[in-house]
Amino acid sequence: MTKKEIKDSIKQFGKDLKKAFGKKKYIVFLCGPTLDSANVDEAAKLRLRLKTELESEDFEVVLGEDDGLENLRKRYAGMAHENELEFINKFSNSVLLIASSVGSFCELGLFSYHHVRQNARHTDFILILDEKYKDDVSYLNEGPAKAIENFGKLIHGNFSNFDTQPIIDRLRTRRTVWFTDPAGKTESL
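Take the position in the sequence shown, starting the count at 1, then add 34; the result is the number in our numbering.
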């Protein structure tokens, strides 16, 4: 190939990527403390900040309780954990969980078990834990957190000054691979 042909093919590839980004949405299921407490809870503030930053990068961000999964549970007398597992399995490209509340620790236990056994090949999992748990010898660290560390990404940090850029970068890279791989998620919203 000549230099011009190479440049033209790269330009065409860029156009193809832009087209793919316009057609598909990369869905991030963002779990953690309710956004209702974002004015008093650092973990909830972080969740809100991640939601805003991800949406500005053109990710589709789903918050289970705020985007209708809880309404479905009430309407059809289902169970919250079943609805969330089904949503993750069918639609989510990534699960991002800020574990700081009772509900989010429950989600961590359930999701980590299912992630290792069923979802790790097609769904990314990022877990953010308070740095105070980092060196604890505990069920949390030897069970669910270890599972995510080995089959996803575990990050310990301070919720109030957490650097979100490595997460954004990871998800952007994963989205690009997903968009260029014909095997990406087969279903969409």
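No residue lacks a Cβ here, since even glycine has one placed at the ideal position from N, Cα and C.
Task: Residue range of the beta strand (DSSP E) that includes residue 165 - done: Looking up residue 165 in the sequence shown gives position 131. Looking at the DSSP string, residue 165 is not in any beta strand (DSSP E), and its letter there is neither H nor E.
Task: Per DSSP, cross-strand counterpart(s) of residue 133 - done: Position 99 of the sequence shown, counted from the first residue, corresponds to residue 133. Paired residues: 163.
- [ ] State the beta-bridge partners of residue 191 as determined by DSSP.
- [x] The residue labelled residue 191 in the question sits at position 157 within the sequence shown. Bridge pairing for residue 191: 164 [DSSP].
TODO: Measure from the alpha carbon of residue 98 to the alpha carbon of each residue in 186, 129, 189, then state which is nearest.
DONE: Here residue 98 corresponds to residue number 64 of the sequence shown, with the count starting at 1. The shortest Cα separation from residue 98 among 186, 129, 189 belongs to 129.
Task: Short Cβ contact (8 Å threshold) for residue 160 with residue 202 - done: The count along the sequence shown starts at 1 and reaches residue 160 at position 126. The count along the sequence shown starts at 1 and reaches residue 202 at position 168. Taking 8 Å as the Cβ cut-off, residue 160 and residue 202 do not qualify as a contacting pair.
Task: Nearest-angstrom Cα separation, counted from residue 39 out to residue 138 - done: One-based indexing of the sequence shown puts residue 138 at position 104. One-based indexing of the sequence shown puts residue 39 at position 5. So the alpha carbons of these two residues sit roughly 52 Å apart.
- [ ] Report back the beta-carbon spacing between residue 146 and residue 77 to the nearest angstrom; my notes put them in contact at under 8 Å.
- [x] For the purposes of this step, residue 146 is taken as residue 112 along the sequence shown, with counting starting at 1. For the purposes of this step, residue 77 is taken as residue 43 along the sequence shown, with counting starting at 1. In this structure residue 146 is not in contact with residue 77, their Cβ atoms being roughly 18 Å apart against a cut-off of 8 Å.
Open item on the list: Starting from residue 185, trace the alpha helix (DSSP H) in both directions and tell me its first and last residue.
Closed with: Position 151 of the sequence shown, counting from 1, holds the residue named residue 185. For residue 185, the uninterrupted alpha helix (DSSP H) segment begins and ends at 178–185.
Open item on the list: Can you give me the C-alpha to C-alpha distance between residue 72 and residue 44, rounded to a whole angstrom?
Closed with: Translated into positions along the sequence shown, residue 72 becomes position 38. Translated into positions along the sequence shown, residue 44 becomes position 10. Residue 72 and residue 44 have their C-alpha atoms roughly 44 Å apart.
Open item on the list: Quick check: the Cα distance between residue 178 and residue 164, rounded to an integer number of angstroms?
Closed with: The residue you call residue 178 lines up with position 144 of the sequence shown. The residue you call residue 164 lines up with position 130 of the sequence shown. Each residue's Cα considered, the two are about 14 Å apart.
Task: Classification of residue 1 by the beta-carbon crowding that lies within 10 angstroms, buried from 16 upward - done: Not covered by the structure: residue 1. The range shown for the chain is 35 to 223.
Task: Cross-strand partners of residue 96 (DSSP beta bridge) - done: As a first step, residue 96 is located in the sequence shown; it is residue number 62 there, counting from the start. Note: residue 96 sits in a beta bridge opposite 63.
- [ ] Could you give the DSSP three-state label for residue 158: helix, strand or coil?
- [x] For this step, residue 158 is matched to residue 124 along the sequence shown. When secondary structure is reduced to three states using DSSP, residue 158 falls in the strand class.
Task: Whole-number beta carbon distance between residue 94 and residue 32, since they are thought to touch under 8 Å - done: In the structure displayed, the chain extends from 35 to 223; residue 32 sits before or after that span and is not available.
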